[in-house]
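K.L.:
One structure coming up, written as structure tokens, with questions to follow.
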Amino acid sequence: MTNSLQKPPIWFWIVSAIALLWNSLGVHGYISQAYELSAYTDAYTTDQLEVISTLPSWYTALFAIAVFTGALGCLLLLLRKKAAKFLLIISFVAATIQMVYFLFIADLKGVDFSANEIMSYMIIVFALFLVWFSNHSVKKGWIH
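Heads up: the sequence shown begins at 1170 in the working numbering, then just goes up one per residue.
Written out as structure tokens, the structure is:
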């Protein structure tokens, strides 16, 4: 492993830009939920909104941590900063705890959230991929 900064391949920039876009959508989702914008309320039924409103505050905090550290981590990838790895690890941990709670622990009061299940798994997988990608980028010397 070398300490000199290596020129990353074009796919590094493509993946990093897509990752920033993905996490920016997460930030939009959080802001829409926090301010109950129509982008959020129109996406759910009244029953679903009621269940979501009863989730614990730490769940919402994890949502904020996951998306804001994820977006900042992706921005730091594009700036080729090693701190991206640390932020993406935090984002992965927060998102995973949040999604596991939602999928397996939360009392959803019999309300159907099946349409959200695939997205929940995708969030975990993509966050894990970003941890791997940032670690790979450090090892390759693309970020420092």
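Ideal Cβ positions, reconstructed from N, Cα and C, are used throughout, including at glycine.
1) With distance defined between alpha-carbon atoms, name the residue in 1183, 1188, 1241, 1229 nearest to residue 1202.
2) Classify residue 1228 as helix, strand or coil using the three-state DSSP reduction.
3) From which residue to which residue does the alpha helix (DSSP H) around residue 1305 run?
4) For residue 1266 and residue 1176, what's the separation of their Cα atoms in angstroms?
5) Got a sec, what are the start and stop residues for the alpha helix (DSSP H) residue 1195 sits in?
6) Just to confirm before moving on: does the CB-CB distance between residue 1232 and residue 1199 stay below 8 angstroms?
7) Helix, strand or coil for residue 1171 per DSSP?
8) Which same chain residues, not among the five before or five after residue 1258, have their C-beta less than 6 angstroms away from its C-beta?
P.N.:
So, to answer that:
1) 1229
2) helix
3) 1283-1309
4) 35 angstroms
5) 1179-1203
6) yes
7) Residue placement at residue 1171 cannot be trusted, given a pLDDT of 48 that sits under 50; what the coordinates show is reported in the next sentence. Note: residue 1171 maps to coil in three-state DSSP.
8) 1300
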